[in-house]
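A short write-up of the structure that comes next.
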Amino acid sequence: MDIKEYFKRISYQGSYDKPDLVTLMDIFQHHIRAVPFENLSIHCGESIELDLEATYNKIVRKNRGGWCMENNHILSWVLKTLGYDITLLGARVYFPEISAYADEMDHLLLKVVLDGKSYIVDGGFGMTYQMWQPMELISGKDQPQTPGVFRFLEESGVWYFEKVKRKQLVPNQSISTSHNVEEEVCRPIYLFTLQPRDIEEFRTCNTDLQTAPDSICVTKSICSLQTADGIRALVGWKLTEIKFNYKDNMDLVEIRMLADEEMEKTLKEKFNVTLDKKFVPINTSRFSLF
-6 MDIKEYFKRI SYQGSYDKPD LVTLMDIFQH HIRAVPFENL SIHCGESIEL DLEATYNKIV
54 RKNRGGWCME NNHILSWVLK TLGYDITLLG ARVYFPEISA YADEMDHLLL KVVLDGKSYI
114 VDGGFGMTYQ MWQPMELISG KDQPQTPGVF RFLEESGVWY FEKVKRKQLV PNQSISTSHN
174 VEEEVCRPIY LFTLQPRDIE EFRTCNTDLQ TAPDSICVTK SICSLQTADG IRALVGWKLT
234 EIKFNYKDNM DLVEIRMLAD EEMEKTLKEK FNVTLDKKFV PINTSRFSLF
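In structure tokens:
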């Protein structure tokens, strides 16, 4: 594992001799624009491992992406290598269709302490709820970013992460999302505590998300990537491209349904992903990702 090889993978050419906030923000921005949030391994008959070297080989050498336990695990290695003070944290993701958080820990994120301040770094959530910059861990403070306004709320030691949503302009309404996302003003994303975690604590979660019949990662094939001004996402056969703040606090959402024969080319051209095994797309879950 070589930090310079990782930097080449994310096209980062800046300095990294000083572990400060500017460097952290720059590396993070390059990571989320180069490394997709994706669960395609599950839908190619591959297993997703928690081993750091396996994750490194997948993301850096095979030009793939990964989910939270891959993206944030490798980010933790990068930041520790550069001298940052890193702690792994565990979260429970919110599902709006049932108005509830997951029963068990199902998301990995990072806490970084810099100059006496704590920041949350999460490069593994994807879609429109992916933060674009490390966020200061402070309760009740709006933190505007290009994707929207994010904030943390703390209550009795539990931290809640949420995003204020913009309106959406969807020219092709016929294949828009079925969930009543237009009615949402603020979306909870996940809750977490500051209890330090070890990667081994995520083994059960890592297995369950790949094997449980009702897991959103089993019932939806997902690949999303942040772009210069928005995101693009392939969920099942649906390709969605979003331009943030297109006009008047409104995001432009363009949707297209793909044929099976378009999948390989789309993954390569839109996400820079080439798969080793046959990909079988799926989108049978009622849970919304937008």
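FYI, the numbering for the sequence shown is -6 to 283, going by our numbering.
For each residue, glycine too, the CB sits at the ideal point set by N, CA and C.
- Proximity to K263 across A27, I20 and S8 peaks at A27, based on C-alpha coordinates.
- Note on geometry: alpha-carbon atoms of S217 and H24 lie some 13 Å from one another.
- M250 and E257 have their C-alpha atoms some 14 Å from each other.
- In this chain, A226 is not harboured by any alpha helix (DSSP H); it is covered by the beta strand (DSSP E) spanning G223 to V228.
- By the Cβ test, the region 57 to 75 is in contact with the region 113 to 120, since at least three Cβ pairs between them sit closer than 8 Å.
- Non-local beta-carbon contacts of Q22 in its own chain, meaning distances under 8 Å to residues more than five positions away in sequence, involve W125 and Q126 in chain order.
- Taking C-alpha positions only, W152 is separated from I182 by approximately 11 Å.
- Remark: three or more beta-carbon pairs, one from each stretch, lie closer than 8 Å, so the region 146 to 160 and the region 177 to 197 are flagged as touching.
- Contact between V53 and Y(-1) holds, with the beta-carbon distance rounding to 5 Å and staying under 8 Å.
- Here V246 is buried. Its C-beta has 16 or more other C-beta atoms within 10 Å.
- The DSSP-derived three-state label of R190 is strand.
- Between the region 96 to 113 and the region 194 to 206 there are three or more C-beta pairs closer than 8 Å, enough to call the two in contact.
- Rounded to the nearest whole angstrom, the CA to CA distance from I(-4) to T74 is 8 Å.
- F0 sits in a helix when the DSSP states are folded into three classes.
- In the DSSP secondary-structure assignment, N276 is bridged to K213.
- In the DSSP annotation of this structure, the continuous segment of the alpha helix (DSSP H) that includes Y49 starts and ends at L45 to Y49.
- By the Cβ neighbour-count rule, C61 is buried, with 16 or more other Cβ atoms within 10 Å of its own.
- In the DSSP annotation of this structure, the continuous segment of the alpha helix (DSSP H) that includes Q203 starts and ends at R196 to T204.
- Secondary structure in the region 140 to 167: the beta strand (DSSP E) runs of 3 residues or longer, each lying completely within the stretch, are 141 to 148, 151 to 157 and 160 to 162 in chain order.
- Counting C-beta atoms within 10 angstroms of its own C-beta, Q219 has 16 or more neighbours from the protein chains shown and is therefore classed as buried.
- In the three-state reduction of the DSSP assignment, R57 falls in the coil class.
- Of the candidates T233, F237 and T277, the residue whose Cα lies closest to the Cα of L260 is T233.
- The Cβ atoms of I131 and V105 lie no closer than 8 Å to each other.
- Looking at the backbone, the Cα of G58 and that of G229 are separated by about 17 Å.
- In this structure, the straight-line span from the alpha carbon of K11 to that of L72 is close to 11 Å.
- Rounded to the nearest whole angstrom, the CA to CA distance from T48 to M18 is 22 Å.
- Taking 8 Å as the upper bound for CB-CB distance, L14 and M120 are not in contact here, some 25 Å apart.
- Distance check between K213 and each of Y9, S34, S8 and G7 places S34 closest, using alpha-carbon atoms only.
- I41 is positioned such that its CB atom lies no closer than 8 Å to that of N276.
- In the DSSP assignment, G7 is bridged to no other residue.
- The DSSP-derived three-state label of N64 is helix.
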